[in-house]
Amino acid sequence: MVKLSKRLQMIADRVPAGSKLADIGSDHALLPTYLAQRGVIVFAVAGEVNPGPYEAAKRQVLESGLAKTISVRSGDGLAVIEAGEVNVITIAGMGGSLMASILDAGKSKLQGVTHLVLQPNVGEDHVRRWLLEQGWKLESEAILEEDGKIYEILTAVSVAEDANESLNELYAERLLPSNIKINTNRLLQLGPYLINEPSEVWFRKWESELKKLEMIEGQLKRSDAEASKLKAEQVGQEIREIREVLACLQKVKP
Numbered sequence: 031m032v033k034l035s036k037r038l039q040m041i042a043d044r045v046p047a048g049s050k051l052a053d054i055g056s057d058h059a060l061l062p063t064y065l066a067q068r069g070v071i072v073f074a075v076a077g078e079v080n081p082g083p084y085e086a087a088k089r090q091v092l093e094s095g096l097a098k099t100i101s102v103r104s105g106d107g108l109a110v111i112e113a114g115e116v117n118v119i120t121i122a123g124m125g126g127s128l129m130a131s132i133l134d135a136g137k138s139k140l141q142g143v144t145h146l147v148l149q150p151n152v153g154e155d156h157v158r159r160w161l162l163e164q165g166w167k168l169e170s171e172a173i174l175e176e177d178g179k180i181y182e183i184l185t186a187v188s189v190a191e192d193a194n195e196s197l198n199e200l201y202a203e204r205l206l207p208s209n210i211k212i213n214t215n216r217l218l219q220l221g222p223y224l225i226n227e228p229s230e231v232w233f234r235k236w237e238s239e240l241k242k243l244e245m246i247e248g249q250l251k252r253s254d255a256e257a258s259k260l261k262a263e264q265v266g267q268e269i270r271e272i273r274e275v276l277a278c279l280q281k282v283k284p
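Take the sequence shown: its letter number 185 is residue 215 in my numbering, and every next letter is one higher.
Shown next as structure tokens:
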């Protein structure tokens, strides 16, 4: 039986029972193998664009005796599936911008898909923004730390076309304790659910991100170009807003 890392286990736990799954960028097909071995899924496509991981995925599936349940396919993004073939898609271990572009390029393949379980390594705001713009409801967010790296897992569900108002409510400007306002852009960046119950891991992530932003601000300030000065002001404002939110939530956490 395949054993998963903490990160992949959290993704697996969010796949509904009885699913037909497409795991995009499946690497060694560990996730679909694990789910098939436990009877969680009835069918899976393990998609992989890189030759080495593709061959490793084929070996994994054959050695596990799951060739009738898991179809290992070589291809880019959602090109490995047909419209209506699966109802759950998992994508993990890549940047949020790339993840959003894969989903956007494969929009025609999302027919019949009810759940997206997404784990971007960076740029989570790109994924949240894509989900919002394309009418997917962000249902839950999780954050974890493993081997010194911090990951977020975003689960989204398809909703009726007339549900846009409820989607927008999730990112509507809200008032935090101490009358601190948090706007849509910050909610997309920080996570509308994660700020409701901020964990120590979440605070560590954003302290680390602030250090990176401060380095960028410092580099921009050293430039004489007007565009760089303007960008430095924007980054400085971003830093102040995030620090304000973190300070506010630190005061009220249990």
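Glycine included, C-beta positions come from ideal geometry on N, C-alpha and C.
On a predicted model such as this, the values are computed, not experimentally measured, just so you know.
By the neighbour-count definition (other C-beta atoms within 10 Å, threshold 16), Pro222 is a buried residue.
Only buried fits Gln90, as 16 or more other CB atoms lie within 10 angstroms of its CB.
Our two residues, Leu148 and Glu85, have alpha carbons roughly 24 angstroms apart in a direct line.
A distance of 8 angstroms or more separates the beta carbons of Arg44 and Glu176. Between the alpha carbons of Lys33 and Ser56 lies a distance of about 15 angstroms.
When secondary structure is reduced to three states using DSSP, His145 falls in the strand class. Membership of Ala130 in the alpha helix (DSSP H) is indicated by the continuous run 126-135. Comparing alpha-carbon positions, the option among Glu244, Ala113, Gly266 lying closest to Lys139 turns out to be Ala113. Non-local beta-carbon contacts of Glu154 in its own chain, meaning distances under 8 angstroms to residues more than five positions away in sequence, involve Gly126, Glu182, Leu184, Gln219, Gly221 in chain order. DSSP, reduced to helix, strand and coil, places Ile41 within a helical segment of the structure shown.
Note that the region 46-62 touches the region 98-117; at least 3 beta-carbon pairs, one per stretch, sit closer than 8 angstroms. Val118 is a Cβ neighbour of Pro46, given a cutoff of 8 angstroms.
A distance below 8 angstroms separates the beta carbons of Val275 and Ile210. Considering only Glu239, Glu227, Ala257, the residue with the shortest C-alpha distance to Arg270 is Glu239. Our two residues, Pro228 and Glu115, have alpha carbons roughly 37 angstroms apart in a direct line.
When DSSP states are grouped into helix, strand and coil, Ala186 belongs to the strand group. In the structure shown, Tyr64 falls within a helical segment according to DSSP collapsed to helix, strand and coil.
Burial is judged here by how many other beta carbons sit within 10 angstroms of a residue's own beta carbon; Arg234 has fewer than 16 and is exposed. A buried status is given to Asp53, since no fewer than 16 other beta-carbon atoms sit within 10 Å of its beta-carbon. Per DSSP, Ile246 is one residue of the alpha helix (DSSP H) stretching across 230-251. Distance from the CA of Ile173 to the CA of Asn198, rounded to the nearest whole angstrom, comes to 23 angstroms.
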